[in-house]
Amino acid sequence: MAGNDGESKGEYEKDPRTPCKYGVKCYQKNPQHHKTYKHPPKEKPKDVGTPAKKQKLEKNERKDGHSPAPGNKQAVSKKVEGNLVTSNKTESDTFVSNDELKDLFLLEEDLPPSPEDVKESIKQKFLVDMPDDFYSFWSFCRFLKSEKPEDALKDVGLLLVGPYDVMNGKIKETKHRKLPLYLVHWRYYYDPPEFQTVMKGDDTKQYHMGYYRDSPDELPCFVASNSAAVDGTITPMAENIFGAVNLYLDTMKEKCDPFRKMKVAKIQSSLQSWAKEHNFNLDKSTTKMRERNKKVVTKTFHKAGIVVPFEKKTELGYRELLETDANLKKILQDINKSKTEEEREMYLGRLQPIVTGANIANDECDFGTSLELGLDLFTFGGEILHHTALFLLKTAYSLLEREEFGKIAEAHFKNRRRGTSLSIIK
64 MAGNDGESKG EYEKDPRTPC KYGVKCYQKN PQHHKTYKHP PKEKPKDVGT PAKKQKLEKN
124 ERKDGHSPAP GNKQAVSKKV EGNLVTSNKT ESDTFVSNDE LKDLFLLEED LPPSPEDVKE
184 SIKQKFLVDM PDDFYSFWSF CRFLKSEKPE DALKDVGLLL VGPYDVMNGK IKETKHRKLP
244 LYLVHWRYYY DPPEFQTVMK GDDTKQYHMG YYRDSPDELP CFVASNSAAV DGTITPMAEN
304 IFGAVNLYLD TMKEKCDPFR KMKVAKIQSS LQSWAKEHNF NLDKSTTKMR ERNKKVVTKT
364 FHKAGIVVPF EKKTELGYRE LLETDANLKK ILQDINKSKT EEEREMYLGR LQPIVTGANI
424 ANDECDFGTS LELGLDLFTF GGEILHHTAL FLLKTAYSLL EREEFGKIAE AHFKNRRRGT
484 SLSIIK
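This note's numbering numbers the first residue of the sequence shown as 64 and each following residue consecutively.
(1) By Cβ distance, which residues of its chain are closer than 6 angstroms to residue 433, with the 5 residues on each side in sequence left out?
(2) Is the Cβ-Cβ distance between residue 279 and residue 191 less than 8 angstroms?
(3) Below 8 angstroms on the Cβ atoms is my contact criterion, and I expect residue 363 with residue 435 to pass it. Report the Cβ-Cβ distance as a whole number of Å.
(4) Thinking C-alpha only, which one of 193, 194, 196 and 177 is nearest residue 187?
(5) Using the Cα positions of residue 487 and residue 324, report the straight-line distance between them to the nearest angstrom.
(6) In chain order, what residues of the same chain have a beta carbon less than 8 angstroms from the beta carbon of residue 334, not counting five sequence neighbours either side?
(7) Hey, which unbroken runs of the beta strand (DSSP E) at 3 residues or more fall wholly within the segment 379-422?
(8) Looking at C-beta atoms only, is the number of pairs between the segment 240-249 and the segment 198-217 that lie closer than 8 angstroms three or more?
(9) Return the Cβ separation of residue 385 and residue 416 in integer angstroms, given the expectation that the two are a contact with Cβ distance under 8 angstroms.
(10) Can you name, in chain order, every residue of its own chain whose Cβ lies under 8 angstroms from the Cβ of residue 330, other than the five neighbours on each side?
(11) What number of angstroms, rounded off, separates the C-alpha of residue 297 from the C-alpha of residue 172?
(12) What alpha helix (DSSP H) runs, 4 residues minimum, are completely inside the segment 211-273?
(13) Relative to the C-alpha of residue 399, which residue among 449, 365, 382 and 352 is closest?
(14) According to DSSP, is residue 200 part of a helix, a strand, or is it coil?
(15) Which residue's Cα is closest to the Cα of residue 284: 302, 445 and 408?
(16) Are at least three pairs of beta-carbons, each pair with one atom in the segment 357-372 and one in the segment 228-235, less than 8 angstroms apart?
(17) From the DSSP output, which residues share a beta bridge with residue 101?
(18) If the criterion is Cβ atoms closer than 8 angstroms, does the pair residue 341 and residue 199 meet it?
(19) Between the C-alpha atoms of residue 383 and residue 452, what's the straight-line distance to the nearest angstrom?
(20) To the nearest angstrom, how far is it from the Cα of residue 194 to the Cα of residue 378?
(21) Beta-carbon within less than 6 angstroms of residue 327's beta-carbon, same chain only, minus the 5 sequence neighbours each way: which residues are those?
(22) Between residue 287 and residue 253, is the Cβ-Cβ spacing less than 8 angstroms?
(23) I think residue 261 touches residue 223, with their Cβ atoms under 8 angstroms apart; what is that distance to the nearest whole Å?
(24) Return helix, strand or coil for residue 442, following the three-state DSSP convention.
(25) Which residue comes first and which comes last in the beta strand (DSSP E) that contains residue 298?
(26) In the DSSP assignment, what are the bridge partners of residue 289?
(27) What's the C-alpha gap between residue 353 and residue 361?
(28) Would the beta-carbon of residue 472 fall within 8 angstroms of that of residue 175?
(29) I need the boundaries of the alpha helix (DSSP H) containing residue 475, first residue and last residue.
(30) Count the other C-beta atoms from every protein chain shown that fall within 10 angstroms of the C-beta of residue 406, then say buried if there are 16 or more, exposed otherwise.
(31) Any chance the CB of residue 315 is under 7 angstroms from a heavy atom of the ligand FAD?
(32) Can you check whether the CB of residue 189 is closer than 8 angstroms to the CB of residue 275?
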């Protein structure tokens, strides 16, 4: 490889290849890029800097040979440089009223009337399709408690929410029909666009379950859980909602008293019978989930991982961030804890090269890098990081042709709050 590998100034000038437009600032690791473009010799920096993310990937997690999405090879990123936020606001723990929400999204057009088909109605409001097990689980809950299926699992601490509010008709009680309102309905603080909450549990830990998918036009990869009062970790539970609830009940039986254990066992027995009759796998790790794990290019801070089109031979589609997870977290912690404008500017200055590196990666079709950094900032939390995180995410989702996720992210950042008052229904 020429240019960055010790080529002298004279040799560089004689090299007939096209100069790379980023010169010495090029972060591209793709061998094909270095065969095509020449790079000026680099002086040895005074500060060696930090190593690349060694802990990011295990060998078996980057062996998928996916090609970039059609039409994306010549895509050029939207620049995020200069968009670092200096606000020192904090998120509200209290959910705003419906009228205040209406003001937030005043310029949004009302949705057209809800489709008669419940599946289409859910997609209209949440921008994603729900899988067969989602609807079968509603039928199961209606079998347990016909008059109020959403409360069928109340004895074991679970309540059906989110898209299930379309099934039970409660969503019709919402006065305002703005798309962003539906997109934030039961969206917890750490729920990324890939995660759609459908069931809430303990309010103390803000425990909830939801479907996780890598692309809005694909069905979910698995059902996962998060405890938003603890951190942003997303924990895969099972391939479908029956398996996830079965695992939840297994855990509950280990902790509850004998009297409650009988109730748990009764519900679990019914659930297992229903799942067997309707061919839903209850395993917490299935072939489909393991195959998806092989396509994960990086775990991200939320640990559920991301999947993007990735070409194994050229390593096109994703490159590692310029900082380790540990160093990035330290930078973000310093930003969030900064007390003066001078401090914030200093720490934001340390984040800027990482953002610039992600932008350069976008220019060279490594779209997964911008997605990773945007999700890392989102998962770390802190309103001071919201502006930068949103720009990174919207850019990545646009380049990956996942625009629906960009709309979800935008709605969430406009009304991102901690706590459990997350329903838009009065």
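The beta carbon of each residue, even a glycine, is placed where N, CA and C say it ideally should be.
For this structure:
(1) Close CB contacts of residue 433 within its chain, under the 6 angstroms cut and outside five residues either way in sequence, are with 421, 425, 455, 458 and 459 (chain order).
(2) Cβ distance < 8 angstroms, so residue 279 and residue 191 count as in contact.
(3) About 6 angstroms; that satisfies the 8 angstroms criterion.
(4) Ranking the options by Cα distance to residue 187, first place goes to 177.
(5) Distance between the alpha carbons of residue 487 and residue 324: 34 angstroms.
(6) Excluding sequence neighbours, residue 334 sits near 203, 305, 308, 309 and 312.
(7) List check, beta strand (DSSP E) in window: nothing returned.
(8) No: fewer than three Cβ pairs fall under 8 angstroms.
(9) Sure, about 6 angstroms apart at Cβ, within 8 angstroms.
(10) Counting only Cβ-Cβ distances below 8 angstroms, and skipping sequence neighbours, we find 207, 216, 218, 219 and 312.
(11) Looking at the backbone, the Cα of residue 297 and that of residue 172 are separated by about 33 angstroms.
(12) The qualifying runs are 227-230 and 242-246.
(13) Comparing Cα-Cα distances from residue 399 to each of 449, 365, 382 and 352, the minimum goes to 449.
(14) Here residue 200 carries a helix assignment [DSSP, helix/strand/coil].
(15) When each option's Cα is compared against that of residue 284, the closest is 302.
(16) The segment 357-372 is not in contact with the segment 228-235.
(17) DSSP output for residue 101 lists 82 as bridge partner(s).
(18) Against a cut-off of 8 angstroms, the Cβ pair of residue 199 and residue 341 comes out as a contact.
(19) Cα-Cα distance, rounded: 17 angstroms.
(20) Their backbone Cα atoms lie some 32 angstroms apart in a straight line.
(21) Within the same chain, and ignoring the five residues on either side of residue 327 in sequence, the residues whose Cβ sits closer than 6 angstroms to its Cβ are 219, 312, 315 and 316.
(22) No, the Cβ-Cβ distance between residue 287 and residue 253 is not below 8 angstroms.
(23) Indeed, because the Cβ distance is near 7 angstroms, the residues count as touching under 8 angstroms.
(24) Look at residue 442 here: in three-state DSSP terms it is helix.
(25) For residue 298, the enclosing beta strand (DSSP E) stretches over residues 298-301.
(26) Beta-bridge pairing links residue 289 to 271.
(27) So the alpha carbons of these two residues sit roughly 15 angstroms apart.
(28) The beta carbons of residue 472 and residue 175 sit no closer together than 8 angstroms.
(29) Residues 466-477.
(30) By the neighbour-count rule (16 or more Cβ atoms within 10 Å), residue 406 is not buried but exposed.
(31) Absence of the ligand FAD is noted for the structure shown, with no ligands found whatsoever.
(32) Taking C-beta atoms as the reference points, residue 275 and residue 189 fail to come closer than 8 angstroms.
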